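When you read off a place in the sequence shown, starting at 1, and then add 167, the result is the number in the working numbering.
All residues carry an ideal CB built from backbone N, CA and C; glycine is no exception.
Given the structure is predicted, the values throughout are model-derived calculations rather than measurements.
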Amino acid sequence: MEKSQAILVVHEALGSGKIHVDKASVNTNDVSYLKPNLYLFDISLNTNHVIKTIRGRIPFNKKENNPTDPPEWAFFVDWLPNANWEHPCSYVYVHKSGALTSIAETAPPTQHSAKHLQRLDSSPAHHQ
Numbered sequence: 168m169e170k171s172q173a174i175l176v177v178h179e180a181l182g183s184g185k186i187h188v189d190k191a192s193v194n195t196n197d198v199s200y201l202k203p204n205l206y207l208f209d210i211s212l213n214t215n216h217v218i219k220t221i222r223g224r225i226p227f228n229k230k231e232n233n234p235t236d237p238p239e240w241a242f243f244v245d246w247l248p249n250a251n252w253e254h255p256c257s258y259v260y261v262h263k264s265g266a267l268t269s270i271a272e273t274a275p276p277t278q279h280s281a282k283h284l285q286r287l288d289s290s291p292a293h294h295q
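Below, the structure written as structure tokens:
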């Protein structure tokens, strides 16, 4: 799957509520929740790829999860970009087939993992 296609898949999932977020800890009166920051991990996902956060690791082992439909792209969604950490965020893997694996979290990537982030416009119209 091409990068532009993966970005569209994530935009559609954001618009339809298919990306997991701990809504109990989101103040929906915070207007920044309506327009989260979206980032692409601009790296190659290998078999034992791990994203490190300030609280631990977000592993995804292709062999254990789905060897026939491996993830090709990883994204980070900051649901409350104006808030201090920790607050709701999501890590999203887009698979070869276009399927998503979404992980709700409250911790951002470490500085080492974050150096691979490319900020994207969170509006799907921007990428059409």
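Report buried or exposed for residue i, applying the criterion of at least 16 other Cβ atoms within 10 angstroms of its Cβ.
{"i": "Trp252", "result": "exposed"}
{"i": "Ile221", "result": "exposed"}
{"i": "His279", "result": "exposed"}
{"i": "Val188", "result": "buried"}
{"i": "Gln172", "result": "exposed"}
{"i": "Glu231", "result": "Low confidence applies to Glu231: its pLDDT is 49, below 50, so where it sits in the model is not reliable, and the reading given next is rough at best. Glu231 comes out exposed."}
Note the first and the last residue of the continuous beta strand (DSSP E) segment covering residue i.
{"i": "Ala241", "result": "238 to 245"}
{"i": "Ala281", "result": "Careful: Ala281 lies outside any beta strand (DSSP E), inside the alpha helix (DSSP H) at 278 to 281."}
{"i": "Ile186", "result": "That residue, Ile186, is in no beta strand (DSSP E); it is neither H nor E in DSSP."}
{"i": "Lys219", "result": "217 to 219"}
Which first and last residues belong to the alpha helix (DSSP H) in which residue i is found?
{"i": "Ser171", "result": "170 to 183"}
Within a Cβ cutoff of 7 angstroms, which residues of the same chain sit near residue i, ignoring the five residues on either side of it in sequence?
{"i": "Lys263", "result": "Met168, Asp236, Pro237, Glu239"}
{"i": "Arg286", "result": "Asn204, Tyr206"}
In this structure, what does DSSP give as the bridge partners for residue i?
{"i": "Ser257", "result": "Val244, Ala271"}
{"i": "Arg286", "result": "Tyr206"}
{"i": "Thr235", "result": "DSSP output for Thr235 lists no bridge partner at all."}
{"i": "Arg224", "result": "Lys219"}
Just to confirm my understanding: we take residue i, look at its own chain, exclude 5 residues before and 5 after, and list those with CB closer than 8 angstroms. What are they?
{"i": "Ile186", "result": "Val177, Ala180, Val244, Ser257, Val259, Leu267, Ser269"}
{"i": "Thr277", "result": "Lys219, Thr220, Ile221"}
From the options, pick the residue whose C-alpha is nearest to that of residue i; which is it?
{"i": "Ala274", "options": "Leu175, Val261, Lys219", "result": "Lys219"}
{"i": "Lys170", "options": "Val188, Gly182, Tyr206, Lys202", "result": "Tyr206"}
{"i": "Asp288", "options": "Asn204, Gly184, Ala173", "result": "Asn204"}
{"i": "His283", "options": "Glu272, Val217, Asn249", "result": "Val217"}
{"i": "Arg272", "options": "His254, Ala281, Asn249", "result": "Sequence inspection shows Glu at residue 272; the Arg mentioned does not correspond to that position. Here the closest residue by C-alpha is His254."}
{"i": "Phe208", "options": "Phe242, Ala250, Gly265, Val261", "result": "Phe242"}
{"i": "Ile225", "options": "Ala281, Ile174, Arg286", "result": "Ala281"}
Once the 5 residues before and after residue i are set aside, which same chain residues still bring their CB inside 6 angstroms of it?
{"i": "Ile210", "result": "His283"}
Is there a Cβ of chain C sitting closer than 8 angstroms to that of residue i, yes or no?
{"i": "Ala266", "result": "Looking for chain C here will not work: only one protein chain is present."}
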